[in-house]
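Report on one structure; see the data block that follows.
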Amino acid sequence: MSRQPFRLAILEGARILEEAGVPNARIDAEILAAHVVGVERPRLGLVPLVDRDVLDAYEALIAQRATRKPLQHLIGEAHMGDITVAIGEGVFIPRPETELLFGWALAYLEGNYHRDEPPVVLDLCTGSGILALAIANARPDAVVHAVELDPRALSWARRNADAQTAAGDTPIHLTQGDVTDRNLLAELEGGVDLIVSNPPYVPDATEVDVEVRDHDPAIAVFAGADGLSVIRPLVSNAARLLRIGGAVAIEHDDTNGTDTADLFRARRVFGEVSEHPDLAGRPRFVVARREATAAEAEWLQ
Ligand SMILES: C[S@@+](CC[C@H](N)C(=O)[O-])C[C@H]1O[C@@H](n2cnc3c(N)ncnc32)[C@H](O)[C@@H]1O
-8 MSRQPFRLAI
2 LEGARILEEA
12 GVPNARIDAE
22 ILAAHVVGVE
32 RPRLGLVPLV
42 DRDVLDAYEA
52 LIAQRATRKP
62 LQHLIGEAHM
72 GDITVAIGEG
82 VFIPRPETEL
92 LFGWALAYLE
102 GNYHRDEPPV
112 VLDLCTGSGI
122 LALAIANARP
132 DAVVHAVELD
142 PRALSWARRN
152 ADAQTAAGDT
162 PIHLTQGDVT
172 DRNLLAELEG
182 GVDLIVSNPP
192 YVPDATEVDV
202 EVRDHDPAIA
212 VFAGADGLSV
222 IRPLVSNAAR
232 LLRIGGAVAI
242 EHDDTNGTDT
252 ADLFRARRVF
262 GEVSEHPDLA
272 GRPRFVVARR
282 EATAAEAEWL
292 Q
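Per the working numbering, numbering through the sequence shown is continuous, rising by one, with the last residue being 292.
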């Protein structure tokens, strides 16, 4: 059977995706090509010719992507830090911007917790578990808890946590729960050093891409008319769960940077509130520190 030039197939794949309205069609065509032949995208040039069965597999993936099935569902995985998690229908596809929250969390732990004092970390709204698992991988000394409400998402998180534990990484503690519940994780009250969260935060009326509309669970994306229906009670729970001196970082919609920061500023138990932009300069996450109330400060003296 004659081998055929892969480059021509990739150009044709990009054309088909472009015609289907896929954003960044060329990049997706290359990522799918790299996936099919099992190389990293920058190394595609090392595979000039491929067999007909490889082309068939590639064309089938392009056809699926042209229906606006998300790229990550076709590849079946997503990455954060040094870890890879399985992704598919029923769970939110992790977004690249959440790497910023992850990077901030690692730097915070590095600056504040040395290896001989294991920090307690809590990931609220964990979805596939990616943030909790990436932190547990990077900081094996940390005790990492994660909470998810949706049973389908939770089963992906369990599967990913099991795979990482089997690979020798620190296990995480997964709980099915509602992060807006005032009794959530009562046993951890006042004992958490760091809370991270990428909750649902898109205002209900926002128009989203077809991939998001048809494949991300609505519960993972939308959060009331103002996008704050989960963040608002989450801020109250953070006040209750954090140790005095602990910190919380919450990702939010780019329309809600100041509103999210104001939710923290409105509570006397939070200080050092800071707003953090993403790489495009859009407001992306807010950080706050749990401070002692006057009564707590007196008690601590
Ligand atoms: C935007 S996704 C983020 C998932 C993951 N943290 C990530 O970055 O890929 C939000 C997640 O929160 C979950 N969720 C929504 N409302 C929740 C609630 N009230 N309590 C707990 N989890 C919730 C959704 O099911 C979804 O998995």
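No residue lacks a Cβ here, since even glycine has one placed at the ideal position from N, Cα and C.
- Within the same chain, Cβ atoms closer than 7 Å to the Cβ of TYR104 are found at PRO110, ASP184, the five residues on either side in sequence being excluded.
- ILE53 sits in a helix when the DSSP states are folded into three classes.
- Ligand 1 approaches ILE210 closely enough that one of its heavy atoms is under 8 Å from the residue's Cβ.
- The straight-line gap separating the alpha-carbon atoms of ASP47 and ALA158 is approximately 33 Å.
- ALA0 and THR75 have their alpha carbons spaced roughly 28 Å apart.
- In the three-state reduction of the DSSP assignment, ILE121 falls in the helix class.
- Per the C-alpha coordinates, the member of ARG234, LEU270, PHE261, GLU90 positioned closest to ASN189 is GLU90.
- Under the three-state reduction of DSSP output, LEU225 falls in the helix class.
- Look at ILE1: its beta carbon is at least 8 Å from all of the heavy atoms in ligand 1.
- For GLY81, same chain residues with a beta-carbon under 6 Å away, outside a window of 5 residues either side, are ARG143 in chain order.
- With distances taken between CA atoms, THR171 lies nearest to PRO224 out of VAL134, PRO224, ASP195, THR197.
- When DSSP states are grouped into helix, strand and coil, ASP184 belongs to the strand group.
- If you draw a straight line from the Cα of ALA252 to the Cα of GLU287, it is about 23 Å long.
- Checking the 8 Å criterion, the Cβ of TYR192 is within range of a heavy atom belonging to ligand 1.
- Look at VAL170 here: in three-state DSSP terms it is coil, with no helix or strand label.
- Straight across, the Cα-Cα distance linking GLU3 with GLY248 is about 41 Å.
- Per DSSP, the beta bridge partners of PRO268 are PRO274.
- Per DSSP, the beta-bridge partners of PHE261 are ARG281.
- Each residue's CA atom was taken as its position, placing LEU23 and LEU254 some 42 Å apart.
- In this structure LEU145 is in contact with LEU165, their Cβ atoms being roughly 7 Å apart against a cut-off of 8 Å.
- LEU(-1): member of the alpha helix (DSSP H) spanning -3 to 10, first to last residue.
- Counting only residues of its own chain and dropping the five nearest sequence neighbours on each side, ASN128 has a CB closer than 8 Å to the CB of GLY72, ASP73, ILE74, GLN155, ASP160, THR161.
- Between the alpha carbons of LYS60 and ILE53 lies a distance of about 10 Å.
- The closest heavy atom of ligand 1 lies less than 8 Å from the beta carbon of ASN189.
- Between SER119 and the set GLU9, ALA283, LEU97, ALA77, the nearest pair of CA atoms involves ALA77.
- Taken through DSSP and simplified to helix, strand or coil, ASP217 comes out as coil.
- Taking a cut-off of 8 Å for Cβ pairs, the stretch 227 to 247 and the stretch 277 to 287 touch, as three or more such pairs fall below it.
- In this structure, the C-beta of PRO85 approaches ligand 1 to less than 8 Å from one of its heavy atoms.
- Listed in chain order, the alpha helix (DSSP H) elements of length 4 or more contained wholly in the stretch 12 to 52 are 16 to 28.
- With the rule of 3 Cβ pairs closer than 8 Å, the stretch 86 to 100 counts as touching the stretch 266 to 279.
- Around the beta-carbon of ASP19, 16 or more other beta-carbon atoms lie within 10 Å, marking it buried.
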